Amino acid sequence: MQTTWNFGSLDTREEQLETVKQKNESFANKWKDRDDYLSDPKILLQALLEFDDLQKNYGTNGDLGYYWGLKESLNQSDPAIKAENNKLEEFSVKLYNQNQFFLLKLSKISTTQQKIFLESNTLADFKHFLEHLFATGKFTLSDAEEKILNLKHLSAHSNWVRMTSQFVSEEKIKNKTLEEYLSDLQLSERKVRKTAGLAINEIMLRNVKIAEHELNAILGDKKVNDDLRGCNRPDQMRHLSDDIDSQVVDAMLEAVSSKFSLAHKFYATKAKLLGLSKLDYWDRGAPIGKTNVPYNFAKSVKLVSNVFDKLDPEFNQIFMGFIDNGQIDVYPAVGKRGGAFCAIERPTQPTYILLNHTDKLRDVLTLAHEVGHGINNELMKSQKYVANFGSPLSTAEVASTFMEDFVLQSLPKDKSLLVKKLDDDVSTIFRQVAAYKFEQELHATFRKKSYLSKEEIGEMFAKHMSSYMGDAVLQNEGTQNWWVYWTHFRSFFYVYSYASGLLISKSLQNKVKQDPGFVSQVKKFLSSGSNDSPKNIFKKMDIDITDKNFWLSGLTEIETNLSDVIRF
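Note that this note's numbering gives residue 214 to position 234 of the sequence shown, counting from 1, and the numbers run on in steps of one.
Structure follows, in structure tokens:
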């Protein structure tokens, strides 16, 4: 069983860049001085089809940008890889800027012309693409200004984030990496958890000063961008990008926050089960009973495969294709990026999944989670046009949590597993909402003060973590710095999608449990990509994400499971 990435299906020849350049220049030369596509539906369709073909088959860096980006995630310390990525990013941005005029000019047409295009049968296949484009056009700057923002992104954001991530990934204490210590937090021996927690504290302390500068730099960069675009709130561009109304996200945040008492009750119950008056910060993931059964990668694959096959054979077929074709890099290594991810850039490319598998139950669930994204990617390739390929965050995390939950529920039912399930639900829903609220305060406070010290950031972080954990969990000294390794805070306001995704996937899970045939509707959703708004996609499945009561109803399962644990 191959456990490292096989890049054989990617074109890694430098010569391809000349073809990519020629294709992009050809498109620019044909359309840059024309305005007829801005008024004639038939001409616009021709232009959109040509643009779609360009993005599908060439993009702005062929396969090379994808290849070197993946290579860097395996070795963040290699300066030669960094150099290749920087060169390719500069190349890509230059080509992107060259053709930016096309969508920018289209996004700025009059509302009268927008209506004509949206009602045109000729453009029916691109209707939602245009709806979203017109919505974002309200915040788009001039062509020259957008080019400047694109060019400065590498130095003003990306390089700062890469720096902190690299420093943290290279840290070792007693020959163990951060990822290995994070994994140890799931072990039953309290001494081991404490050792891991203190080691994580030390790694964070070593990097918190540089992370202070990094975070302030990218917060400042975002403020400049938002001010230029006239955004009313720091998370507005995230919601717009994800094709979701801010009111929907606000309703979800309000619903979950109003039920933080459930998380408080869970941790108080867990402390009693562990025989503790209170949990240390690093005790939150401690197992109850015998959940520390080792799951090597082969065993993990077998478990996930069996669950997917029962749900739908095509799910398993896609998964085993990832395994057989070397599309999953499995084990942790010094310099390798922490956590896990699932990547794809264009539908003509293969999906790649990165793990840091350490033979824990958590790693089985991470495998199921990331493969859920991968299955979503592969099913979306059925979309006719690349304009509709891809999942906004508001829907992407539904696929991953749907698969992950079914794997967890397949394990033998006992008290220890029920607690594990609650651990995951509390972390995915309540913890991520608390993290989002931390981000909201972080950005708001920065915009008032213009610089935040590591102490201020840490105090803010601890406050929001305590808000969902309650009095049963100690905010131990040093844990206020654990924001340092939390990469999602650098992808601003990303974390809401974990909570909303799991709550929506619970609804889909219940429908499948009641009627296994409903999985065909789930597959239709996973294949839909971005051909409609998430609100409309879910509405077709009798799910109303605009209703606050929908979000509250998703928390009833947690209440029921918590009651079962208490009665056990």
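The beta carbon of each residue, even a glycine, is placed where N, CA and C say it ideally should be.
Remember, predicted model here, so these are calculated numbers, not experimental data.
Problem - For D309, three-class secondary structure by DSSP - result: strand
Handout entry: Where the beta strand (DSSP E) through A60 begins and ends
Key = Careful: A60 lies outside any beta strand (DSSP E), inside the alpha helix (DSSP H) at 59 to 87.
Problem - Close-in-space but distant-in-sequence residues of the same chain around Q146 (CB under 7 Å, 5 per side omitted) - result: Q56, S57
Problem - Neighbour-count burial assignment, G497, 16 or more Cβ in a 10 Å radius - result: exposed
Problem - Short Cβ contact (9 Å threshold) for Y247 with G450 - result: yes
Exercise for the section: Would you kindly work out how many angstroms separate the C-alpha atoms of D384 and D15, rounded to a whole number? Expected result: This sequence places Glu at residue 384; Asp is not what is there. In a straight line, the C-alpha of E384 is about 49 Å away from that of D15.
Exercise for the section: Please work out which residues of its chain come closer than 6 Å, Cβ to Cβ, to F592, disregarding the five sequence neighbours upstream and downstream, and give them in chain order. Expected result: Residue numbering for the chain in the displayed model covers -19 to 548; residue 592 lies beyond these limits and cannot be assessed.
Exercise for the section: Could you tell me whether the Cβ atoms of V502 and L483 are closer together than 9 Å? Expected result: no
Problem - Whole beta strand (DSSP E) elements within the stretch 330 to 413, 3-residue minimum - result: 332 to 334
Exercise for the section: Measure from the alpha carbon of A176 to the alpha carbon of each residue in Y161, K340, K189, then state which is nearest. Expected result: Y161
Practice task
Give the range of the beta strand (DSSP E) segment to which F321 is assigned.
Solution key: 321 to 323
Practice task
Would you grab the beta carbon distance between H137 and D201 for me? Rounded to a whole angstrom, and I think it's under 8 Å.
Solution key: 5 Å
Handout entry: Terminal residues of the alpha helix (DSSP H) in which Q455 lies
Key = Run containing Q455: none; DSSP gives neither H nor E here.
Problem - Rounded separation between G549 and A63 - CA only - result: Because residue 549 is not part of the residues shown, which for the chain are -19 to 548, the question remains open.
Problem - Beta-carbon proximity of F119 to G(-12), cut-off 9 Å - result: no
Practice task
Have a look at E52 and R142 and give me their C-alpha separation to the nearest angstrom.
Solution key: 10 Å
Practice task
Report buried or exposed for W466, applying the criterion of at least 16 other Cβ atoms within 10 angstroms of its Cβ.
Solution key: exposed
Practice task
Inspect the beta-carbon positions of F369 and G481 and report whether they are closer than 9 Å.
Solution key: no
Exercise for the section: Could you give the DSSP three-state label for L259: helix, strand or coil? Expected result: strand
Problem - Cβ contact (3+ pairs, closer than 8 Å) linking the stretch 337 to 351 and the stretch 310 to 322 - result: yes
Exercise for the section: Determine which residues share a DSSP beta bridge with T157 and list them. Expected result: K152
Exercise for the section: Assign A266 to one of three DSSP states: helix, strand, or coil. Expected result: coil
Handout entry: Own chain partners of Y261 with C-beta closer than 7 Å, once the 5 adjacent residues on each side are dropped
Key = G177, V453, L454, Q455, N456, T459
Exercise for the section: Confirm, please, whether the CB-CB distance from D263 to R411 is below 9 Å. Expected result: no
Practice task
State yes or no: is the C-beta of F81 within less than 9 Å of the C-beta of L(-3)?
Solution key: no
Problem - Any 3 or more C-beta pairs closer than 8 Å across the stretch 387 to 403 and the stretch 342 to 351 - result: yes
Problem - Spatial neighbours of S507 in its chain, beta-carbon cut-off 8 Å, leaving aside the 5 residues before and after - result: L359, M360, S362, Q363
Handout entry: As assigned by DSSP and simplified to three states, the class of R213
Key = coil
Practice task
Could you tell me which of L83, K504, T40 sits nearest to W11, measuring between CA atoms?
Solution key: L83
Practice task
Return the chain-ordered ranges of every alpha helix (DSSP H) run that is complete within the stretch 96 to 122 and spans a minimum of 4 residues.
Solution key: 107 to 117
Practice task
Spatial neighbours of I268 within its chain, please: CB distance less than 6 Å, with the 5 preceding and 5 following residues excluded, ordered by chain position.
Solution key: L253, S396, V399
Exercise for the section: Return the first residue and the last residue of the alpha helix (DSSP H) that E30 is part of. Expected result: 21 to 37
Practice task
Hey, could you find the ends of the alpha helix (DSSP H) V499 is sitting in?
Solution key: 499 to 507
Exercise for the section: Specify whether the stretch 188 to 200 and the stretch 222 to 232 touch according to this definition: at least 3 beta carbon pairs, one from each stretch, less than 8 Å apart. Expected result: no
Handout entry: Nearest-angstrom Cβ-Cβ length linking L287 and V387, presumed shorter than 8 Å
Key = Reading off the sequence shown, one finds Val at residue 287, where the question assumed Leu. With 8 Å as the limit, V287 and V387 qualify as a contact, their Cβ atoms being about 5 Å apart.
Handout entry: Contact set for T375: own chain, Cβ-Cβ below 6 Å, skip 5 residues either direction
Key = P514
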